[in-house]
Structure formats: C-alpha cells, structure tokens
Amino acid sequence: MIAKSHRLAGRLVAGFSAGLAAVAALAAAQWSLQPKESKLTFIGVQAGAQFEGSFDKFTADIAFDPKNLAASRFDVKIDTASVNTQDGERDTTIKSADLFDVKRFPTARYVADKFADKGGNKYSATGKLTLRDVTKDVPIDFTFESKDGAAWLRGTAKIKRLDFGVGQGEWKDTSTVGNDVQVRFALRLKGAP
Amino acid sequence: MQLKNDESRYGVVAQLFHWTIVVLIIVQFILANRAANLPLGVAKIAVLAQHKSFGITILGLALLRLIWRWMNPVPAEPLGIPQWQRLAARVSHIGLYALLLITPVVGWLMSSARNFPVSWFGLVTLPDFIKPSRPAYDFLHQTHEVLALTLFCLALLHVAAALKHHFIDKDNVLRRMLPVKLKQEPPRS
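Each protein sequence line maps, in turn, to chains F and L. Take the first sequence: its letter number 141 is residue 275 in the numbering used here, and every next letter is one higher. Take the second sequence: its letter number 52 is residue 38 in the numbering used here, and every next letter is one higher.
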C-alpha cells in the first residue's frame, strides 16, 4: 500500500513537472523561419575594402517571446558550403581546407539561450558559435518586431575569424584579409500554426 | 627651371606629371602580369590591391594633369612638320589622355562587378557604381585588357615618335619634356 502510493505520488510529480515544462516551452512562442525572405550576411575586409557575402542555406529554430526571455532560445545551423560572395573563385577558396574546410566542417551552429532586454524592441543575447569545431561565446544585438503573427528578427554580431581557425597557413595573415568580420541577419519569422 | 609651361617647353609640374605617370604605368603592367600568374591567395590579393591603388592614382594624376594643361600654354610644335604628323600627334595625344582616364575607370567597375571593391592604399574605399555580375565582370575585364594593350601600343608609338624627333629631326620635342637645356632653334618667322 505504502509503496503503491509512493509510486502514484512519483507519477503525479513527474506528470506535473512535464506539464510545467510544456507550459514554459509554450510560453516562448515558436517561430518558423521563412528562408526566402531571410538573410544571413557577413562583411569582411579584403585589401582594405569591405565586401559582402551571404550564406544561402541555413535553418533557424527560433523560440522567442519578449515576455518570456528565460524560455527563449535560438538554434541556427548554417551550411558552410552555401557561402556566396558573388565570385565563384573566392567562394571556392573560402570553402577550401585553409578557411571553412566545408568537407570536414559542413555545418556552423549558433545557439543562444541567455537573453537581455535592452529597452524598446532591442535585445541582446550571448550564444555559442561553433565554426570549424571551435566553440566560442559570441554576443549578438538584435531587434524583434512582431505584427499579426509574423516577425522580423534583425541583428548583428562581430567575430574574429582567426578565433575559429578560419585562416590557416598564409590566410593567418590579417594585413590582406582582415580578422574582423561583421555578421548581419534579418530573419523573417511566422508564428507556427 | 620654371614651374609652368611656356611657348618653348614644358615646366617642372607638367614634366613631373608626365614622368610619374610613365613610371606608374610600367609598374601597372608588371603588377598585372604578376597577378595573372598567381593563384587566388594572399599574394594575389595584395598585388591586385597595389595595382588598383596605383590605377586610381593614375586616374587622379591624369585629371590633375589635364587641369594643369588647360591652365598652361602648350608648347608649340617645331616648324616644318607635315600636316599628317601634326594630326597623328594630336590624335595619339588625345588617345593617350583618354586611355589614362578610361582604363582605370573600367578597372574600378570591373572590381565592383566581381565584388572586390577598390580601396586606395587602404585609406579610402571607392564606391561601387555597378552590382556584382559575372557577365559584366567578364566584359569589363576584357575591355580593361584591350584598353591596356591599346595604351601600350600607343605609348610605343609615342616613344618612337619622340626618339625620331630627337635623333633624326634633331629638334627639341623630347628635350622640352626633360629637365635639360633646349637646343637653339632657327627663329620663327
């Protein structure tokens, strides 16, 4: 008898916590990325001049609710081979072993789950970027504007490519290709049905 | 020697413009050939960055030089030159000036078309007047090469004419672009 009631209590507690977790997860609205309208770009410096490139393929699992930052979470996966700088020869070079090494590291990933409200519609987050198997904290600043079940998530980040080993051999030189890279994103989100 | 031109010779400023551009153009051909033989890498990007910076320098110098030319008298041609030679000299000079302006501009557009914007020695980034486009790049690249080759041929002709004046006609045409004394010419009637 005693054993039975313990088991029952255990089940109740387990069920209750699962329910709580579900409620918390629900509270941070789940969004689905609209890839065609969304952009993930970067700006590098080459021989003193900035140039822009983009990633044509990436997925973003976005759970974000301004009223429930604690339960919010970004998980972005980027296909490194989809890099596009509008120049085939440069793209081939970027994909090669000394830079992205897309054969060994086909995916870069950014996961953020610590958010801060900066007032207005501005937020910041500190997440972890994994690129070439190197994981480092990368803060982002972004704005979140939602209207009628759709939203824009727009922001920027700054990274140093050599922190992630993007640049082996001669590409370690930063006088010709700068170490600083700006990342910009504009994600079009729709509320999951 | 005088800074400004007069009826008989080019002044120091015009000579500096002329010879600086000569040196830069020779450097440009060397850098362009070096870049063409390099695989895409740090070295190629660095060589092309120099080529672009010098090219924009030539464009700026050519513009200043034309303004200077407009503010100065152009030394008169020697007497007794056949009409066709006067015409040839005029056409080739216009051609040289045009190429000094157009070749760098096409190079600049070509860089924009390939999304490799131009920085002038890392100090100023030039605006992109056209969007990245492979067909536009291919066209502009070919045009840039044809213009550079035309400039090369016209410059050879220019050198040949100057040497002909100096060694065969024995006149002051070459001397007046050099920091040397002019030969006494028969008085103009």
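Think of the CB as a built atom: it goes at the ideal place given N, C-alpha and C, for glycine as much as any other residue.
{"Item": "Report yes if the C-beta distance between leucine 203 of chain F and aspartate 251 of chain F is below 8 Å; otherwise report no.", "Value": "yes"}
{"Item": "Could I get the ranges of all uninterrupted beta strand (DSSP E) runs contained in the region 163 to 202 of chain F, with 3 residues as the minimum, in chain order?", "Value": "164 to 167, 173 to 180, 183 to 189, 192 to 197"}
{"Item": "Kindly indicate if chain L contains any beta-carbon less than 8 Å away from that of aspartate 221 of chain F.", "Value": "yes"}
{"Item": "Grab the span of the beta strand (DSSP E) containing arginine -5 of chain L for me, first residue to last.", "Value": "Counting along the chain, arginine -5 of chain L falls outside any beta strand (DSSP E), and DSSP gives it neither H nor E."}
{"Item": "If you run the structure through DSSP and keep just helix, strand and coil, what is valine 210 of chain F?", "Value": "strand"}
{"Item": "Exposed or buried, glycine 41 of chain L, counting other C-beta atoms within 10 Å across all chains shown (16 or more means buried)?", "Value": "buried"}
{"Item": "Considering only residues of the same chain and omitting the five flanking positions on each side of methionine 135 of chain F, which have a CB-CB separation below 6 Å?", "Value": "Residue placement at methionine 135 of chain F is poorly supported in this model, since its pLDDT is 48, which falls under 50; the coordinates still yield a value, given next. For methionine 135 of chain F, where only same-chain residues beyond five positions count, there are no Cβ hits under 6 Å."}
{"Item": "Examine chain F for any beta-carbon lying closer than 8 Å to the beta-carbon of glycine 108 of chain L, and answer yes or no.", "Value": "yes"}
{"Item": "Can you grab the Cα-Cα spacing for the pair serine 258 of chain F / aspartate 282 of chain F, in whole Å?", "Value": "23 Å"}
{"Item": "Listing by chain order, which chain F residues have their CB less than 8 Å from the CB of valine 28 of chain L?", "Value": "Glu304, Trp305, Asp307, Thr310, Val311"}
{"Item": "Please report how far the alpha carbon of serine 175 of chain L lies from the alpha carbon of valine 159 of chain L, in whole angstroms.", "Value": "Reliability fails at serine 175 of chain L, whose pLDDT of 48 lies under 50, so the model's placement of it is uncertain and the value that follows must be treated cautiously. Their Cα atoms are separated by approximately 19 Å."}
{"Item": "Going by beta carbon distance, what residues of the same chain come within less than 6 Å of glutamine -12 of chain L, once the five residues before and after it are set aside?", "Value": "Gly(-3)"}
{"Item": "Is the number of C-beta pairs between the region 225 to 239 of chain F and the region 10 to 23 of chain L that are closer than 8 Å three or more?", "Value": "no"}
{"Item": "What do you get for asparagine -9 of chain L, buried or exposed, if any count of 16 or more other CB atoms within 10 angstroms of its CB means buried?", "Value": "buried"}
{"Item": "Would you check if the distance between the CB atom of lysine 270 of chain F and the CB atom of arginine 243 of chain F is smaller than 8 Å?", "Value": "no"}
{"Item": "Compare the C-beta of arginine 224 of chain F with all C-beta atoms of chain L and state if any pair is closer than 8 Å.", "Value": "yes"}
{"Item": "What first and last residue would you give for the alpha helix (DSSP H) that runs through lysine 30 of chain L?", "Value": "28 to 57"}
{"Item": "Quick one, which residues of the region 173 to 185 of chain F are near chain L if we go by CB-CB under 8 Å, in chain order?", "Value": "Gln180, Ala181, Gly182, Ala183, Gln184, Phe185"}
{"Item": "Strictly below 7 Å CB to CB, what residues from chain C border serine 105 of chain L?", "Value": "No chain C appears in the structure shown, which is made up of the protein chains F and L."}
{"Item": "Where does aspartate 267 of chain F fall in DSSP's three states?", "Value": "coil"}
{"Item": "Checking contacts by CB at 8 Å: is alanine 21 of chain L closer than that to chain F?", "Value": "no"}
{"Item": "Could you check whether alanine 162 of chain F and alanine 197 of chain F sit closer than 8 Å to each other, using their CB atoms as the reference points?", "Value": "yes"}
{"Item": "Within 10 angstroms of its Cβ, does lysine 38 of chain L collect 16 or more other Cβ (buried), or is it exposed?", "Value": "buried"}
{"Item": "Under the rule that 16 or more other beta-carbon atoms within 10 Å means buried, what is proline 113 of chain L, buried or exposed?", "Value": "exposed"}
{"Item": "Chain F partners of serine 111 of chain L, CB-CB under 9 Å?", "Value": "Note on identity: in this sequence residue 111 of chain L is threonine, with serine being the wrong assignment. Per Cβ cutoff of 9 Å: Gly182, Ala183, Gln184."}
{"Item": "Can you tell me which of the three DSSP states glycine 113 of chain L falls into?", "Value": "Reading off the sequence, residue 113 of chain L comes out as proline, not glycine. Of the three classes helix, strand and coil, the one that applies to proline 113 of chain L here is coil, per DSSP."}
{"Item": "Quick one: which residues of the region 226 to 240 of chain F get their C-beta closer than 7 Å to a C-beta of chain L? List them in chain order.", "Value": "Thr227"}
{"Item": "For the region 315 to 323 of chain F and the region 161 to 179 of chain F, state whether three or more C-beta atom pairs, one from each stretch, are separated by less than 8 Å.", "Value": "yes"}
{"Item": "Locate the beta strand (DSSP E) running through glycine 289 of chain F, then write down its first and last residues.", "Value": "284 to 294"}
{"Item": "Taking the alpha carbon of isoleucine 154 of chain L as the reference point, which residue from L:Ile67, L:Leu142, L:Val166, L:Ser97 has its own alpha carbon closest?", "Value": "L:Ile67"}
{"Item": "Report the rounded CA-to-CA distance for serine 105 of chain L versus isoleucine 44 of chain L, giving the unit in angstroms.", "Value": "14 Å"}
{"Item": "Can you tell which of L:Val9, L:Ala22, L:Val(-1) has its C-alpha closest to the C-alpha of tryptophan 56 of chain L?", "Value": "L:Val(-1)"}
{"Item": "May I have the straight-line CA-CA distance separating valine 300 of chain F from asparagine 218 of chain F, to the nearest angstrom?", "Value": "16 Å"}
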